[in-house]
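*Asks:*
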């Protein structure tokens, strides 16, 4: 089959060049006579690749030396619990910004382990914006403030990061816009991200943690596998890490370097998103984007057809044009085009042109 | 490079045929125009593959309908904690058989969450056998009995499974001999196995759990991501599962079917292990296997050179013959040849012949 344009929210599109490299060397990695899947995580060959991968990410994101990069399993979902377990003692208050489905779930998970203060919620406005900071009700003393830079389902993205107050660490789920735009890592206590959107494949979670937070809490009731210190102390090799997922991340980081780094990627992401939102806004109401302009995600473009009866036809016709996985998440309905780093501009243009043609055909009837 | 014979303990050798299939379809899975790494775990294409993979394992292992098959992350190491958290209430006693490095670690982890009774230990005899059951001191009332069918480091394997007593569930770490020989699943409460030895690649753990155990304990303090019920209730899709690792497992299960199933694989494993142990036993003391014959692992053949000064030369010369990763685990030293399902008889013969030639050369000096 010709290569499809894959708008899946995750697992998501990978750079075609990365897939070709993985394919080419799948049976023989660096002339070892073995696949990268088959070699020991503690051997020299994988060790060198792993170090290079870590270093590439550090350079790409300009991660300061007082931050550790950890490679974990379990997805962002496990981080929802680990953040609370590692940073809050029982009875501690933790602040959560509720800007969509995933921040709500992160907050619900934290309730099991700490006292949660919902700083602000846009639930009643259906998560179509992020309320301005002056409306937030922060705790006097929180163990951390948690937020979700980009809501994959609702298509809401923080245009700028929250302000740090009283040295409360910012803890951030960056799963769906990690390495998609430059950020200042110094502003964060912890950044975590599932890999299956911008980094690589499902089964790997990257955690960037400020070193002083590793030592802050020692709770003997937390399983060692859920303690950040376990991974920091062993360079993420307490047990066998997901070596192939790390390998894919490594290839993706090299690809980003070749694209000119994260600033260059961010510029393209901006162009891609603008292109699609323009098609929606210029459609005379055939399509609409619910999220208010300043908060529209550059990663997940959420939109609806005014005539919802056309939804199925829209999806089927798109699929016939190799434009795949455009159906919105069930909790929201409608459509969603996920246009992560690896989605080429050509894919976005193909989708935009298809949407225009589809609107033209069905407006006239 | 020509394909190496890879004796790594894990991540370990995969069937060459499986690697070729993965390579061939890496960029286009089932004519979707996308890689299997890129498609949604909730879509039809992955869903069908996932169901087939589960069914194949159920048929291969003859898993009864009152057992659930779960696909998790975190390795056997996370299971060390999950077993105790899910099956024991605080204060409950749990029984552990200590037959080597990994059962000791499983036991140490459980101590954090339950009262551990070490039923028997062979530590003082350096884990060279499994003490007979009549010497075991089981608790009057244990939440479960945990054992490790095969010790990857010490090369000790249970020739027959422990007896069930007082309906205490048998819980078993089968990471390094899973699907390597027929077993009666009915004898077990829980079987768990990291995938990176016989199943596929690192980053996937398979858990087979008897349904009545899912409901037995509800501890509100356990993170949902660590509750077996979470995965059972969602068919392992509570969050994004490690799709590519599941795909590789699926290919491996198909390959085992083509080999004639687990009984046929077991027969070959027996032949492979016997071949190597014979080379060791017939070496006039040049090589020795520390483990007593009835308990010698069919998966991890542990041996030493009488003259340890030759260790480095042995490893270097082996490597020059494409016989890789033969160095023993640091806690034990010496040599180890892991000969999982995917290691062909030709690889074992090549190793055996190399060992004989090496012994001949260095005995005569």
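Chains as they are written, first to last, in this note's numbering: chain A, 37 to 401; chain P, 37 to 401. Note that CB positions come from ideal geometry on N, CA and C, so glycine has one too. Predicted model, so just to flag it, every value in this text is computed and none were measured.
#1: Starting from residue 213/A, trace the beta strand (DSSP E) both ways and give me its first and last residue.
#2: Counting only the same chain and skipping the five closest in sequence on each side, list residues whose C-beta sits under 7 Å from that of residue 167/A.
#3: I want to see whether chain A comes within less than 8 Å of residue 332/P, judged by CB atoms only; does it?
#4: Between 146/A, 269/A, 163/A, which lies nearest to residue 181/A when the distance is taken from Cα to Cα?
#5: Any beta carbon of chain A sitting closer than 8 Å to that of residue 55/P?
#6: Helix, strand or coil for residue 230/A, going by three-state DSSP, please let me know.
#7: What's the gap between the Cα of residue 72/A and the Cα of residue 50/A?
#8: Suppose the cutoff is 8 Å on Cβ atoms and the five residues either side in sequence are ignored; what does the same chain contact list for residue 308/P look like?
#9: Just checking: is the beta-carbon of residue 49/A within a distance shorter than 8 Å of some beta-carbon in chain P?
#10: Using the three-state DSSP reduction, which class does residue 359/P fall into: helix, strand or coil?
#11: Would you mind sorting residue 397/A into buried or exposed? The rule is 16 or more other CB atoms within 10 Å of its CB.
#12: Taking all protein chains shown into account, decide if residue 44/A is buried (16 or more other Cβ within 10 angstroms of its Cβ) or exposed.
#13: If the cut-off is 8 Å on Cβ atoms, which residues from the stretch 60 to 93 of chain A count as contacting chain P, listed in chain order?
#14: Along chain A, in chain order, which residues have C-beta atoms closer than 9 Å to that of residue 140/P?
#15: Measure how close the beta-carbons of residue 154/A and residue 198/A come, nearest whole angstrom, since I'm counting them as under 8 Å.
#16: Are the beta-carbon atoms belonging to residue 315/P and residue 192/P less than 8 Å from one another?
#17: Distance, Cα to Cα, residue 142/P vs residue 206/P?
#18: For residue 355/P, would you say it is in contact with chain A, using Cβ-to-Cβ distances shorter than 8 Å as the test?
#19: Using the three-state DSSP reduction, which class does residue 137/P fall into: helix, strand or coil?
#20: What are the boundary residues of the alpha helix (DSSP H) that includes residue 391/P?
#21: What number of angstroms, rounded off, separates the C-alpha of residue 188/P from the C-alpha of residue 364/P?
#22: Can you find a CB in chain A that lies within less than 8 Å of the CB of residue 122/P?
#23: Determine the DSSP secondary structure at residue 129/A, reduced to helix, strand or coil.
#24: Starting from residue 375/P, trace the alpha helix (DSSP H) in both directions and tell me its first and last residue.
#25: Taking beta-carbon pairs under 8 Å, can you tell me which members of the stretch 280 to 306 of chain A lie near chain P?
#26: Is the stretch 228 to 238 of chain P touching the stretch 88 to 107 of chain A, taking contact as three or more C-beta pairs under 8 Å?
#27: Secondary structure at residue 276/A, three-state DSSP: helix, strand or coil?
#28: Going by other Cβ atoms of all chains shown within 10 Å of its Cβ, with 16 needed for buried, is residue 133/P buried or exposed?
#29: Is the CB-CB distance between residue 286/P and residue 85/P below 8 Å?
#30: So what does DSSP say about residue 56/A, is it helix, strand or coil?
#31: Near residue 305/A, which residues of its chain fall below 6 Å by C-beta distance, leaving aside the five closest residues on each side in sequence?
#32: Residue 149/P and residue 338/P: beta carbons closer than 8 Å?
#33: Does chain P have any CB closer than 8 Å to the CB of residue 180/A?
#34: How big is the Cα-Cα spacing for residue 62/A and residue 129/A?
#35: Buried or exposed: which applies to residue 68/P, given that a residue is buried once 16 or more other Cβ atoms fall within 10 Å of its Cβ?
*Replies:* To lay it out plainly:
#1: No beta strand (DSSP E) contains residue 213/A, which DSSP labels as neither H nor E.
#2: 156, 158
#3: For residue 332/P, no CB of chain A lies under 8 Å from its own CB, so it is not counted at the interface with that chain.
#4: 146/A
#5: yes
#6: strand
#7: About 18 Å.
#8: Around residue 308/P: 334, 375, 379, 381, 384.
#9: yes
#10: strand
#11: exposed
#12: buried
#13: 62, 63, 64, 67, 68, 69, 70, 71, 73, 74, 75, 76, 77, 79
#14: Those do not exist, as residue 140/P stays about 15 Å from chain A at its closest Cβ, beyond 9 Å.
#15: Contact doesn't hold; Cβ gap of about 14 Å is too wide.
#16: Not a contact, by the Cβ cut-off of 8 Å.
#17: Going from the Cα of residue 142/P to the Cα of residue 206/P covers about 14 Å.
#18: no
#19: helix
#20: 381 to 399
#21: 10 Å
#22: no
#23: Strand, per DSSP.
#24: Per DSSP, residue 375/P belongs to no alpha helix (DSSP H) and is neither H nor E.
#25: 280, 281, 284
#26: The count of Cβ pairs closer than 8 Å, one atom from the stretch 228 to 238 of chain P and one from the stretch 88 to 107 of chain A, stays below three, leaving the stretches out of contact.
#27: It is coil, neither helix nor strand.
#28: buried
#29: Closer than 8 Å, so yes.
#30: helix
#31: 216, 334
#32: No, the pair does not count as a contact, with Cβ atoms beyond the cut-off.
#33: no
#34: 48 Å
#35: buried
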